[in-house]
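Chemist:
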Amino acid sequence: MEKAKHYKVGTEEQQLYLKDYNIAPKGCAFLEPGVYAKDAKEFVAFNIAKSFYQVYPEVFNLPYIAKKVGLKEDEIKRRIKRMYDERLFMLVSNSYVGIMGFGLYYWVVKLKDDTTREEREALTKWMQDNDQICTGYMMEEGGDFDYFNGNHMRNLDNLVYGVLDKFRFNRCVEYVHILPIRRLVRESHVNMFDAKENVGHYFWSDEQKEKVLKIQNKMDKYDFAIIDAINNCESVGDMFDYDVLARLSGLDAKEMKEDIIKIVDEQKTIIPMIYFNYASLGLKLHFFVVSLFQNTPTYRAEQICDELAQDPAFENIFDCSDGHHNYVLSVYDGITDIDKIRQKILGYGEVIEVLEADSPRQFRRRTCRLDDKNGYYEECIFTDDVLLDRSKE
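Numbering (the numbering used here) for the sequence shown: 963 to 1355.
1) Grab me the residues of glutamine 1170's own chain with a C-beta within less than 7 Å of its C-beta, minus the 5 sequence neighbours each way, in chain order.
2) How far does the beta strand (DSSP E) with aspartate 1185 in it reach, from first residue to last?
3) I think tyrosine 1123 touches phenylalanine 1110, with their Cβ atoms under 8 Å apart; what is that distance to the nearest whole Å?
4) Which of the three DSSP states is assigned to glutamine 976 in this structure?
5) Please go through the same chain and pick out, in chain order, the residues whose beta-carbon is closer than 6 Å to the beta-carbon of arginine 1356, but skip the five residues on each side of it.
6) In its own chain, which residues sit with a C-beta less than 7 Å from the C-beta of leucine 1073, not counting the 5 before and 5 after it?
7) Cα separation between isoleucine 1061 and aspartate 1076?
8) Report all residues from its chain with a CB closer than 6 Å to the CB of tyrosine 1018; omit the five preceding and five following residues, and keep chain order.
9) Run through the DSSP bridge pairs and tell me what phenylalanine 1250 is partnered with.
10) If you drop the 5 nearest sequence neighbours on each side, which residues of the same chain put their C-beta closer than 7 Å to that of arginine 1328?
11) Could you give the first and the last residue of the continuous beta strand (DSSP E) run that contains leucine 1146?
12) Pick out whichever of Ala1271, Met1115, Phe1202, Glu1341 has its Cα sitting closest to the Cα of leucine 1146.
13) Is the beta carbon of alanine 1002 less than 8 Å from the beta carbon of tyrosine 1204?
14) Report the rounded CA-to-CA distance for phenylalanine 1371 versus glycine 1063, giving the unit in angstroms.
15) Curious, which full-length alpha helix (DSSP H) runs of at least 4 residues does the region 1195 to 1224 contain?
16) According to DSSP, which residues form a beta bridge with lysine 1072?
17) Pairs of beta-carbons, one from the region 1180 to 1187 and one from the region 1310 to 1322, closer than 8 Å: are there three or more?
18) Which same chain residues end up closer than 8 Å to phenylalanine 1051 when comparing Cβ atoms and leaving out the 5 residues on each side of it in sequence?
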């Protein structure tokens, strides 16, 4: 039996566990040399696809999808258009925030028991309308916490002064816990670059696939297969039809394809993907906010996260640092065995506390609004606090 490694300081194994990851987790809001700004030409192909796919589904590689799914291209085009019109999905892009110069700071909000319905509704509306909040989830009443939101920020002070101080002194707020993200392991079913393995893979458990087809009639197995085919492209070169993008933009197809392959496949700075809008099917996300004993070594905390990431049932896996909590995990209520997942988490002796809540609604997905009552669906405002000091405002 191989002797367990402990990566002790002062030995040859010191911090060797960091070599297991694409970019060693080493803090928030740092900028690595060689990355491109979001307005660089390397992002053009995605930006054009993002601007046109709502009415031109053929920006996706229909021949590739047809081969994977077994439907004719016209039928795939029709289905993509219908799914978007019914707000079942959205084309998005995840940045590798650990090298882009801004940190990813999530935060959990707990309201007091005597919070009125009016106070809750007012705070919920404020969070939905706040353009600085790039991602956010509202929880049902009765859970262990009430909101789970996130910001991309250049520094922690700007988060505190620019966002949290705007509401955390409200009389109905019991606490706000900041969760800096050490590793974004999985989001919206897709393993991110921080994952130890299966980067870019789109996960659904067999149990979830079977049950989701039984509890709703908006999407069938072919609809899910289309999203699966797009998200599980081995190369971004297969995701889009670059001749279509060229026709729509007047730019060079070959150059656009080479550029986006550079930043996705080679440089590994963004992951274009299809976001599945769970709320549109009436599904709820069940969140687990997990805390470890504070004397748990960092390498062991990372190992536990990697072990949990082997379970395809998790829709989100956030690995946190320097906060009260270590992980935020989510699975679907109704199509996942919640008790089984809970026992898996509690099976680790390092776990000291698990908070749980159900989310029937997501505010935004990486700056893209998900509310559709006033025509806001997919409205995207990418804020940046570079050169700003929110504490002076």
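For every residue, glycine included, the Cβ atom is placed at its ideal position computed from N, Cα and C.
Modeler: Walking through what the data contain:
1) Ala1275, Tyr1294, Ile1297, Thr1298
2) No beta strand (DSSP E) holds aspartate 1185; the alpha helix (DSSP H) holding it covers 1183 to 1193.
3) Actually they do not touch by this definition, with Cβ atoms about 21 Å apart.
4) coil
5) Examination of residue 1356 is not possible in this model, given that the chain is present from 963 through 1355 alone.
6) Arg1082, Asp1108, Cys1134, Val1135, Glu1136
7) 42 Å
8) none
9) Leu1291, Glu1318
10) Val1054, Asn1056, Cys1096, Thr1097
11) 1135 to 1149
12) Ala1271
13) no
14) The requested residue 1371 does not occur in the structure, where the chain is confined to residues 963 to 1355.
15) 1204 to 1211, 1215 to 1223
16) Tyr1137
17) no
18) Met1045, Ile1189, Ile1236, Tyr1237, Phe1238, Asn1239
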